[in-house]
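Residue numbers (full-length UniProt numbering): 1 to 935.
Glycine included, every Cβ here is placed at the ideal spot set by N, Cα and C.
Reading through the structure tokens given below for one structure.
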């Protein structure tokens with residue numbers, strides 16, 4: 001109570017912070033008439049003047065007012081848009097290295113131009129990070145007109161560029177690209193063998209669009225550069241056949257922890273089946289020699305019991321494609337790690353792809369912490385403010401909207417069963433549709449979006465195929481007539497190619513759009529429809545007066561449609577389920593009420609929803625039964641909203657702790673990664689590594705002597721034979737060690753010196769034979785390639801250590817401390833092995849009379865995909881190559897065929913039938929309308 005009173009009197013911390021920016025906004029507005037009077041050339045010349053001031057020592061902060069005023073005027077002239085005052089506030093927040101939370105439709109893309117221009121003046125490069133290639137290209141093109149007008153260069157990093165094109169893009173003043181591309185280039189740069197082959201030029205300042213998605217959601221998994229390993233497809237397929245034989249009593253499922261385990265009875269059955277299959281040849285399943293089998297069994301069990309088709313993944317083009325839980329989009333290049341993806345492929349009967357080995361990896365947390373200054377913008381960040389502050393040292397500031405938000409957020413309606421909830425949703429859809437109100441219905445999975453679609457079809461509604469000709473005419477015809485529409489569109493991973501059209505027309509009066517989550521779609525829902533999209537579609541091929549007339553007609557119709565949509569109450573958001581994260585719910589709500597438009601949002605829930613079911617709805621169901629809640633009745637009360645919000649907060653806190661724990665372990669690897677990458681750069685920058693190689697050679701001698709000659713011991717206690725063998729193996733020389741040991745007065749130090757001299761002389765002779773110039777080149781290549789090889793092996797060992805270190809907690813020891821200690825020892829071992837391997841190679845190297853071929857990077861692919869895009873551009877090239885090779889047709893859905901012909905009279909042998917396939921019974925109907933009808 002006291003806190004609320006103080007907030008009313010003094011304002012919140014957010015308000016007080018923004019208040020300090022207001023005088024600057026006033027000063028920028030005061031400059032506007034003066035700046036507006038400048039010619040284009042004079043306005044452009046201000047860029048050179050600003051740079052001259054910075055070169056003379058003027059702080060960047062002193063240029064905020066004139067620079068922002070310059071960008072505002074340039075935007076008016078270049079793209080016809082003027083920054084609002086609240087957008088100036090957002091630009092200042094970004095410049096100071098914080099997160100600007102701005103509602104959907106407030107123009108975040110334009111806001112970024114202010115901070116980008118100001119920071120680009122320093123000449124160190126500014127990176128703007130977007131969630132997909134389309135947005136990177138679009139924003140670079142649209143906002144690039146402002147930068148080019150002011151004399152700055154703009155680059156864009158998208159998939160398919162070669163190193164020369166990437167280097168050129170990074171050399172620009174401002175570079176747009178995706179988080180995957182930036183991270184992938186960083187890892188690849190640190191696998192290069194020459195400095196001039198590296199494409200990035202440093203990490204000065206980055207602005208991350210949809211910062212919550214990139215720095216929170218994607219922080220759960222690292223970006224991995226991997227290469228192929230051995231093929232174990234037979235093993236996956238064999239074990240997969242055993243899992244369906246297990247009964248419900250043979251395993252346990254923990255949905256909260258997303259884990260499965262065999263019971264004792266299930267373990268005994270599995271061991272017996274594995275013995276019969278010839279896979280378990282000795283001992284029990286859990287003996288150390290059978291640890292690989294245990295891993296494969298567990299992954300197969302998870303694939304069958306925890307991963308659900310059309311919710312967690314779909315099968316398309318003969319491949320298992322992951323569905324992102326946040327957006328419902330396909331992620332075609334992303335694969336589950338540790339054999340989980342192979343287990344799913346075996347389950348679905350498609351080709352099992354080989355596992356991959358890690359060549360390099362980094363989390364996005366640690367990649368973006370490389371930047372000297374980091375900023376971000378999104379519509380939903382406040383709920384994750386604690387994580388941004390703790391992990392990235394980023395403060396979240398809420399920027400007020402340009403116009404007041406007029407959206408009405410209704411209380412949730414909670415029903416006892418999913419069937420009751422579904423009926424209530426359809427009733428609400430029919431009621432709003434009768435008024436001509438555009439509807440956006442958000443679901444949490446493909447499966448649930450298709451359930452709702454089928455329910456609507458049962459009520460006489462028809463799904464619009466946006467890929468078919470005339471689809472939009474049906475939508476517009478209803479909007480023109482003002483009669484209730486009986487058409488709806490479905491936006492999920494199955495129809496992602498039509499996404500832009502579906503989203504663009506979701507604001508047409510009477511439009512009904514069912515969407516599997518709505519985060520980061522990149523296309524605004526505008527009431528009345530999207531003019532630009534319609535002009536692009538309907539004016540293609542038209543010229544002259546015909547085009548002008550058509551454009552005019554479209555603009556007038558969209559304006560008329562907008563009036564109807566406004567009169568009907570604006571966009572109505574219906575949520576069919578609460579997500580674990582409040583952020584995702586807020587993103588769905590935020591699609592309505594942009595720029596002061598009216599709107600409404602309401603969530604419909606049931607006690608059978610995943611969130612309610614997993615997090616304890618049993619007691620609530622019993623309580624409601626006692627209270628006499630009748631079928632079809634709902635609970636509606638603000639207390640319910642608060643209770644749900646608290647449950648979501650607990651889940652978010654748990655997920656934060658999990659991500660924080662992952663980061664603690666990754667920080668250990670990150671410290672080592674930074675050392676290795678920094679040393680690599682230093683080596684590449686030096687013309688000669690002669691001193692480094694000599695130091696390594698002497699280090700090997702020191703180790704050999706220390707391990708075979710005890711300090712201050714008599715020669716009789718020396719292991720001369722062992723020393724001679726090791727010297728021959730590692731240094732490729734055979735000095736008279738036995739004679740030296742017999743020499744009077746010799747000690748371990750003198751022996752060490754003699755060995756070093758002998759090794760140096762042998763190396764000098766080899767260098768003279770090969771020529772000093774060629775030797776210097778060989779030294780660098782051998783050192784870098786050996787370091788890379790050992791580093792990759794080290795990553796594998798650390799990953800394996802990370803998986804088992806948790807068991808140390810059983811012995812009352814802190815797993816993190818144990819991991820740090822063992823990782824440090826492993827790193828020391830890596831350094832020792834590097835010294836020995838490089839020395840042994842160089843002491844034996846023989847040069848043929850040809851310059852060695854330039855070392856090539858190994859085959860690799862990125863193993864991380866932005867959850868908000870559904871498009872891993874790194875994988876598209878591989879998919880297209882397979883299509884070109886005729887391995888599968890690009891349009892075919894990869895639904896696995898049953899192993900035996902289907903008996904129309906025996907559904908038990910039909911196997912898995914696609915919901916849109918003809919029913920195997922021979923009725924001629926689709927399966928979903930026949931034997932696959934939902935109960």
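From residue i to residue j, what does the alpha carbon distance come to, in whole angstroms?
i: residue 311; j: residue 460; result: 26 Å
i: residue 749; j: residue 791; result: 33 Å
i: residue 12; j: residue 156; result: 39 Å
i: residue 805; j: residue 488; result: 52 Å
i: residue 821; j: residue 660; result: 19 Å
i: residue 107; j: residue 509; result: 24 Å
i: residue 63; j: residue 385; result: 29 Å
i: residue 344; j: residue 316; result: 13 Å
i: residue 45; j: residue 150; result: 8 Å
i: residue 117; j: residue 696; result: 48 Å
i: residue 93; j: residue 350; result: 50 Å
i: residue 370; j: residue 203; result: 6 Å
i: residue 490; j: residue 454; result: 11 Å
i: residue 646; j: residue 102; result: 24 Å
i: residue 812; j: residue 653; result: 25 Å
i: residue 582; j: residue 115; result: 29 Å
i: residue 761; j: residue 741; result: 20 Å
i: residue 348; j: residue 183; result: 32 Å
With DSSP run on the structure shown, which of helix, strand or coil describes residue i?
i: residue 844; result: coil
i: residue 707; result: helix
i: residue 883; result: Residue placement at residue 883 cannot be trusted, given a pLDDT of 38 that sits under 50; the coordinates are not used to answer.
i: residue 244; result: helix
i: residue 18; result: helix
i: residue 307; result: coil
i: residue 525; result: coil
i: residue 382; result: helix
i: residue 316; result: strand
i: residue 889; result: The predicted model places residue 889 with a pLDDT of 40, which falls under 50 and marks its position as unreliable, so this point remains unresolved.
i: residue 330; result: strand
i: residue 872; result: Only weak support exists for where residue 872 lies, its pLDDT of 43 falling under 50; the value from the coordinates is given anyway. Looking at residue 872 - three-state DSSP - the assignment turns out to be coil, as it is neither helix nor strand.
i: residue 825; result: helix
i: residue 641; result: helix
Compute the beta-carbon to beta-carbon distance between residue i and residue j, rounded to the nearest angstrom, for a pair I have assumed lies under 8 Å.
i: residue 413; j: residue 65; result: Actually they are not in contact, since the Cβ atoms of residue 413 and residue 65 sit about 50 Å apart, beyond 8 Å.
i: residue 593; j: residue 570; result: 7 Å
i: residue 982; j: residue 387; result: There is no way to answer for residue 982, as the model of the chain reaches only from 1 to 935.
i: residue 728; j: residue 721; result: In fact, because the Cβ distance is near 11 Å, the residues do not count as touching under 8 Å.
i: residue 28; j: residue 88; result: 6 Å
i: residue 263; j: residue 251; result: 6 Å
i: residue 842; j: residue 773; result: Actually they are not in contact, since the Cβ atoms of residue 842 and residue 773 sit about 15 Å apart, beyond 8 Å.
i: residue 514; j: residue 443; result: 6 Å
Going by the beta-carbon positions, is the gap between residue i and residue j smaller than 8 Å?
i: residue 303; j: residue 340; result: yes
i: residue 152; j: residue 120; result: yes
i: residue 565; j: residue 535; result: no
i: residue 511; j: residue 439; result: yes
i: residue 293; j: residue 306; result: no
i: residue 320; j: residue 330; result: no
i: residue 225; j: residue 360; result: yes
i: residue 313; j: residue 323; result: yes
i: residue 752; j: residue 688; result: no
i: residue 794; j: residue 755; result: no
i: residue 342; j: residue 353; result: yes
i: residue 590; j: residue 378; result: no
i: residue 129; j: residue 199; result: no
i: residue 784; j: residue 680; result: yes
i: residue 186; j: residue 125; result: no
| message | Assess contact between the region 826-835 and the region 366-377, defined as three or more Cβ pairs (one per stretch) separated by less than 8 Å. Is contact present? | response | no
| task | Would you check if the region 392-409 and the region 244-262 touch, i.e. whether three or more CB-CB distances between them fall below 8 Å? | result | no
| field | Inter-stretch contact (C-beta, 8 Å, three-pair minimum) for the region 444-452 and the region 472-483 | value | no
| query | With a cut-off of 8 Å, do at least 3 Cβ pairs link the region 160-174 to the region 238-248? | reply | no
| message | Does the structure place the region 42-57 close enough to the region 65-74 that three or more beta carbon pairs sit under 8 Å? | response | yes
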